[in-house]
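Undergrad: Under this note's numbering, residues 7 to 307 are what the sequence shown spells out, in order.
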Amino acid sequence: MTIKKNCSLIVGDAFKKTKKLDADSVQLVVTSPPYNLGKAYESRTSLEEYLSKYRELAADLFRVVSPTGSICWQVGNYVNRGQVYPLDILFYPIFIDAGFQLKNRIIWHFRHGLHATKRFSGRYETILWFSKFGDPSFNLDDVRVPSLYPGKRAFKGPRKGQPTGNPRGKNPSDFWHDVLLEDWEREIWDFPNVKSNHPEKTAHPCQFPVELAERCVLALSKSGDLVLDPFLGVGSTAVAATRHQRKFVGFDLDVGYLNEARRRVKLEAAGNLATRRIGTPIARPSGKVSIVPDEWLEGHG
């Protein structure tokens with residue numbers, strides 16, 4: 007399958023459609039597969055059966071990813087009867103066996119989510135960055151963040167007295183998190199998860215923010231490259247690719263989600279899609295919600 011359109015959103019099974027893509031045609035894969043939790047868009051199976059499907063997909067992805075290409079595989083945990091199975095650890099050998107190399111294990115931290123009562127509340131997921139070979143395309147300058155100490159200078163050696171940092175900023179590291187307003191000068195990249203008050207919220211229960219996909223797209227592809235999301239959902243990766251002049255192809259079995267993705271991409275192309283733009287700070291709560299209730303203070307005065 008040769009992709010001729012700038013953005014192709016296709017109804018279909020990722021495990022079948024990926025086989026039809028041309029070899030070495032995809033520069034970047036950014037996706038988040040179902041976690042086998044029994045959501046509306048998936049059928050829950052045994053963990054072994056769930057993982058077995060991805061072995062063939064990983065081999066297909068190795069075939070279609072270009073020699074300088076990469077995969078950003080974003081996952082959380084599979085939970086069964088109170089037992090937590092970290093999916094990134096379980097997917098790691100599948101992609102290594104397919105021939106990929108792990109470049110980074112990135113932690114995506116967020117401040118809001120479900121509140122657990124029998125274990126600590128989960129507030130992070132992971133992104134496994136795999137490359138096809140050892141030297142993938144990597145555009146660090148496109149994703150640098152402001153330095154904490156931009157005025158720092160070398161105190162000895164041949165560069166004594168000269169700035170030690172990069173005028174474009176620092177490497178954002180492998181820990182990506184949302185920030186409060188007072189942290190603005192220290193960390194400009196923030197990735198809050200998409201909950202009810204997020205401007206990108208749709209009917210999809212587990213969409214990731216466009217900002218997250220943007221960092222991957224900017225760092226690991228260039229204008230005109232083909233980006234793939236085999237588990238398209240409502241199209242966050244498609245929006246990021248469209249925003250930065252990449253070609254895109256994505257698959258999803260759910261026609262409702264696919265239509266929502268098409269709507270979002272169309273709005274993005276026209277410059278009218280409401281999203282959290284990269285660099286938008288998160289303000290600290292204020293007003294009544296930030297004040298400890300009087301009832302909690304009784305007897306502790």
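Glycine included, each C-beta is placed from N, C-alpha and C at the ideal position.
Cβ of W135 within 8 Å of Cβ of K109?
TA: A contact, by the Cβ cut-off of 8 Å.
Undergrad: Is any beta-carbon of chain C found at less than 8 Å from that of Y98?
TA: Here chain C cannot be found, since the structure has a single protein chain.
Undergrad: Considering L226, what are the terminal residues of the alpha helix (DSSP H) in which it resides?
TA: From DSSP, the alpha helix (DSSP H) with L226 extends over V216 to L226.
Undergrad: Quick one, which of V17, D19, T281 and D28 has its alpha-carbon nearest T8's?
TA: Considering only alpha carbons, the answer is D28.
Undergrad: Is the beta carbon of T24 closer than 8 Å to that of T243?
TA: No; because the gap between Cβ atoms is not below 8 Å, this pair is not in contact.
Undergrad: Three-state secondary structure (DSSP) at N86?
TA: N86 falls in the strand class under three-state DSSP.
Undergrad: Whose C-beta lies closer than 6 Å to the C-beta of G18 among residues of the same chain, with five residues either side of it excluded?
TA: Same-chain partners within the cutoff: F257.
Undergrad: Excluding the 5 residues preceding and the 5 following Y4 in the sequence, name in chain order all residues of the same chain whose CB lies nearer than 8 Å to its CB.
TA: No answer is possible for residue 4: it lies beyond the span of the chain, which begins at 7 and ends at 307.
Undergrad: Would DSSP call V149 helix, strand or coil?
TA: If DSSP states are grouped into helix, strand and coil, V149 belongs with coil.
Undergrad: From the DSSP output, in three-state form, read off L15 for me.
TA: Strand, per DSSP.
Undergrad: Starting from Y130 and walking both ways along the beta strand (DSSP E), at which residues does that stretch end?
TA: Start and end: Y130 to S137.
Undergrad: In chain order, what residues of the same chain have a beta carbon less than 8 Å from the beta carbon of N12, not counting five sequence neighbours either side?
TA: Taken in chain order, the residues that qualify are T248, K253 and F254.
Undergrad: Roughly how far, in whole angstroms, is the beta-carbon of K138 from the beta-carbon of P73, given that I think they are within contact range, below 8 Å?
TA: K138 to P73, Cβ: 6 Å. Contact.
Undergrad: Please say whether A225 and D148 have beta carbons closer to each other than 8 Å?
TA: Yes, these two residues count as a Cβ contact at 8 Å.
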